[in-house]
Amino acid sequence: MKVSIMDSDYLDNIFDKAVKGTDLIKNRKTLTIDYVPEKLPFRDEESKIIAQVLSVVLKGGRPSNLLVFGKPGTGKTAVVKNVITRLKRKSIEHGVEITVTIINAKTSNTSYKVLYDIAEDMGINRFDKKVRVHFTGLSMGEATDRILEFLKRNNLHVVLVIDEIDSLVEKNGDDVLYSLTRANERLLDSGFISLIGISNSLTFKDKLDPRVRSSLSEEEIVFNPYTVIQLREILNDRSKLAFNEGSISQAAINLCAAVAGKENGDARKAIDLLRVAAEIAERERADMVNENHIRAAQEKIEKDTNYEVIRNSTTHTKIIILSILKSQSGMTGDVYDIYVSLCNRIEHDSLTQRRVTQIISELDQLGLITSNVVSHGRYGRSQIIKIAVSPETVTNALKDDSFISILL
DNA sequence: GATCCACAGGAACGATAGGTAT
DNA sequence: ATACCTATCGTTCCTGTGGATC
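In the numbering used here, each number is its position in the first sequence, counted from 1, plus 78.
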């Protein structure tokens with residue numbers, strides 16, 4: 079009986095703690111990806127330029143199209159969003175009507191889905207039952223026509239933000255962008271579209287058709303990565319909002335900044351790291367987030383993402399990952415042979431080598447494996463493929479699949 | 001220097017699935 | 001009922017290539 083009393087004390091303690099809010103974290107929301115702070119440190123210049131470009135809209139003019147470049151986590155999206163909310167506020171003050179549509183090209187990963195999202199966001203489907211842009215079934219041309227028709231009829235001034243625009247072009251080419259940049263010619267004076275493209279890739283422009291390129295990048299702005307010192311200050315600011323006084327050590331913040339600094343100055347990752355570290359510290363019921371929590375968080379993030387990616391792959395992809403793990407040499411031919419024999423063992427049809435190399439290069443892009451092309455002279459050219467994840471993570475993730483677990 | 005291996009990776013295309021227009 | 005739309009996964013066919021060996 080003694081035990082159960084202790085138990086209940088112990089539980090009470092947890093609940094009390096939770097209720098009293100003696101947690102480390104004061105405001106959890108400020109550590110999530112969606113949170114956009116009021117002021118973004120070190121991005122004044124960039125904000126100014128974007129604001130200047132867009133300010134034309136307040137006088138009823140069409141702002142130049144704008145292309146925003148920068149590595150992930152350099153604050154592109156946040157700055158653009160910030161400027162736009164301010165612009166909206168001002169436009170209401172001045173009695174100017176503008177429509178702002180923000181879409182993410184990575185989540186809506188096909189050309190048609192992009193158009194659908196635009197239509198949805200602008201509210202076409204709510205206004206007009208007859209000329210809706212449906213989820214599917216329309217031709218691309220018809221969908222664009224309907225969107226433009228809608229703009230024309232309502233004389234809308236649209237600022238269209240396409241986030242991660244590079245992933246759209248990568249996968250589907252620039253057809254959509256072409257028709258969007260040409261849209262103003264068709265609209266004449268009834269309404270307009272201003273495009274703001276946000277790209278993670280600096281070489282994005284090279285993949286565009288020259289006509290699209292020149293029209294899309296009437297204005298350009300590059301976001302440089304944050305330095306470690308800047309990251310530290312950002313994290314300091316953020317942790318003042320997020321944590322209770324004295325719940326995080328300066329050393330932990332410094333380490334966090336250093337880690338993220340190594341990863342291209344990615345502020346998003348830095349903040350993510352902070353959040354996971356805080357969660358770990360809370361679970362341990364530590365009274366302060368310290369450097370060890372940051373290190374643990376780093377490990378956890380890496381493991382979790384890889385685990386999820388593998389677990390959610392198709393059977394073929396899983397077998398290929400396993401083949402790479404089992405292969406001694408890591409050469410394509412070797413991996414493929416192993417793959418085929420594994421497929422035979424579970425009586426699963428095997429894919430052609432062409433398809434397998436494609437899947438392998440997809441895995442490479444995800445960072446699950448590394449591959450280098452090596453020439454063996456007379457004995458041909460091949461990739462050397464290696465798993466970039468710990469073998470335990472792989473086997474853990476594969477264990478859940480009853481099909482595959484036999485092969486382990 | 002020519003040859004030739006063992007692939008890499010582009011292009012075109014088909015089957016299938018989910019849908020609209022008339 | 002029929003024509004037509006796009007996306008995804010896969011196949012077939014193909015051209016290109018770094019460098020050890022002849």
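Don't be surprised by glycine CBs; every beta carbon is placed ideally from N, CA and C.
Practice task
Determine the direct distance from the alpha carbon of GLY275 to that of ALA348, and round the result to whole angstroms.
Solution key: For this step, residue 348 is matched to residue 270 along the first sequence. For this step, residue 275 is matched to residue 197 along the first sequence. Each residue's alpha carbon lies about 24 angstroms from the other.
Practice task
Report yes if the C-beta distance between LEU132 and ALA183 is below 8 angstroms; otherwise report no.
Solution key: Locating residue 132 in the first sequence gives position 54, where the first residue counts as 1. Locating residue 183 in the first sequence gives position 105, where the first residue counts as 1. No, they are not a contact pair.
Exercise for the section: Report the three-state DSSP secondary structure of ASP481 (helix, strand or coil). Expected result: Numbered from its first residue, the first sequence carries residue 481 at position 403. Inspection of the sequence shows that residue 481 is occupied by Phe rather than by Asp. Helix at PHE481.
Problem - Which listed residue (THR108, TYR256, LYS230) has its alpha carbon closest to that of ARG291 - result: Locating residue 291 in the first sequence gives position 213, counting from the first residue. For the residues THR108, TYR256, LYS230, the minimum Cα distance to ARG291 belongs to TYR256.
Problem - Environment of THR281 [buried if 16+ CB atoms lie within 10 Å] - result: In the first sequence, counting from the first residue as 1, residue 281 sits at position 203. Exposed, by the Cβ-count rule.
Problem - Which residues DSSP lists as bridging MET409, in chain order - result: For the purposes of this step, residue 409 is taken as the residue at position 331 of the first sequence. ILE462, per the DSSP bridge assignment.
Exercise for the section: Could you tell me if SER391 is buried or exposed, where buried requires 16 or more neighbouring beta carbons within 10 angstroms of its beta carbon? Expected result: Counted from its first residue, the first sequence places residue 391 at position 313. The residue is buried, with at least 16 neighbouring Cβ atoms inside 10 Å.
Problem - Proximal residues to GLY99 (C-beta, below 6 angstroms), its chain only, five neighbours per side dropped - result: Position 21 of the first sequence, counted from the first residue, corresponds to residue 99. Low confidence applies to GLY99: its pLDDT is 49, below 50, so where it sits in the model is not reliable, and the reading given next is rough at best. Cβ neighbours of GLY99 beyond the five flanking positions: none.
Handout entry: Within 8 angstroms, strictly: CB atoms of SER268 and ASN233
Key = Stepping through the first sequence from its first residue, residue 268 is reached at position 190. Stepping through the first sequence from its first residue, residue 233 is reached at position 155. In contact: SER268 and ASN233 (Cβ atoms closer than 8 angstroms).
Practice task
Using alpha carbons as the reference points, say which of GLU263, ILE225, ASN278, PHE228 lies closest to GLU242.
Solution key: Here residue 242 is taken as the residue at index 164 of the first sequence, counted from 1. The candidate whose alpha carbon is nearest that of GLU242 is ASN278.
Problem - ASN474 versus MET409: straight-line alpha-carbon distance, rounded - result: In the first sequence, counting from the first residue as 1, residue 474 sits at position 396. In the first sequence, counting from the first residue as 1, residue 409 sits at position 331. About 24 angstroms.
Practice task
Report the rounded CA-to-CA distance for LEU226 versus HIS212, giving the unit in angstroms.
Solution key: On the first sequence, position 148 is the one that residue 226 refers to. On the first sequence, position 134 is the one that residue 212 refers to. If you take the alpha carbons of LEU226 and HIS212, they lie about 15 angstroms apart.
Practice task
Using 10 angstroms around the beta-carbon of LEU309, count the other beta-carbons present and answer buried if the total reaches 16, otherwise exposed.
Solution key: On the first sequence, residue 309 is found 231 positions in, with the first residue counted as 1. So LEU309 ends up on the buried side.
Exercise for the section: Would you check if the stretch 422–439 and the stretch 348–367 touch, i.e. whether three or more CB-CB distances between them fall below 8 angstroms? Expected result: no
Practice task
Tell whether a beta-carbon distance below 8 angstroms holds between ILE181 and VAL192.
Solution key: Position 103 of the first sequence, counting from 1, holds the residue named residue 181. Position 114 of the first sequence, counting from 1, holds the residue named residue 192. Their beta carbons are under 8 angstroms apart, which means ILE181 touches VAL192 by this criterion.
Problem - Exposure of MET79, with buried meaning 16 or more beta-carbon neighbours within 10 Å - result: Residue numbering aside, residue 79 sits at position 1 when the first sequence is read from its first letter. Confidence at MET79 is low in this model, with a pLDDT of 45, below 50, so its placement is unreliable and the value that follows should be read with caution. Per the 10 Å Cβ criterion, exposed.
Exercise for the section: For ASP478, collect the residues of the same chain with a Cβ closer than 7 angstroms to its Cβ; drop the 5 residues on either side in sequence, then sort them by chain order. Expected result: Walking along the first sequence from the start, residue 478 turns up at place 400. Within the same chain, ASP478 has close Cβ partners ARG389.
Exercise for the section: Indicate the three-state DSSP secondary structure (helix, strand or coil) for ASP344 in the structure shown. Expected result: On the first sequence, residue 344 is found 266 positions in, with the first residue counted as 1. Correct three-state label for ASP344: coil.
Practice task
May I have the straight-line CA-CA distance separating SER327 from ALA466, to the nearest angstrom?
Solution key: Residue mapping note: residue 327 aligns to position 249 of the first sequence, counting from 1. Residue mapping note: residue 466 aligns to position 388 of the first sequence, counting from 1. Their backbone Cα atoms lie some 32 angstroms apart in a straight line.
Exercise for the section: Tell me whether GLY275 sits in a helix, a strand or coil according to DSSP, three-state version. Expected result: For this step, residue 275 is matched to residue 197 along the first sequence. Strand, per DSSP.
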